Amino acid sequence: HTARQVASDKWDRPYSREQAAFPAPWTREHKFWPAVARIDNVYGDRHLFCSCPPVEEFEEE
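In my numbering, the protein residues as written are -14 to 46.
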């Protein structure tokens, strides 16, 4: 979860915010807060989207 999700007034998950923020004991000292959540959940994980320019634009003449 992102920091924004954990700190939000709305929390509709079946688990606590503490468990969401720190799912394993070691995460309390080494927590990485992702800047964004997943895009389109599982669909976004399985169907990657690249907004990079085509490789041909990087060719040097």
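All C-beta atoms in this analysis are idealised placements derived from N, C-alpha and C, irrespective of residue type, glycine included. From a predicted model like this one, the values you see are computed outputs, not experimental measurements.
As the crow flies, the alpha-carbon of Thr12 is around 14 angstroms from that of Ala(-12).
For Tyr28, the uninterrupted alpha helix (DSSP H) segment begins and ends at 26 to 31. Taking 9 angstroms as the cut-off, the Cβ atoms of Lys(-5) and Phe7 do not count as close.
With a contact defined as Cβ atoms closer than 8 angstroms, Ala9 and Arg(-2) miss out at about 17 angstroms. The beta carbon of Arg2 sits closer than 7 angstroms to those of Val(-9), Trp(-4), all from its chain and outside the five residues before and after it, given in chain order.
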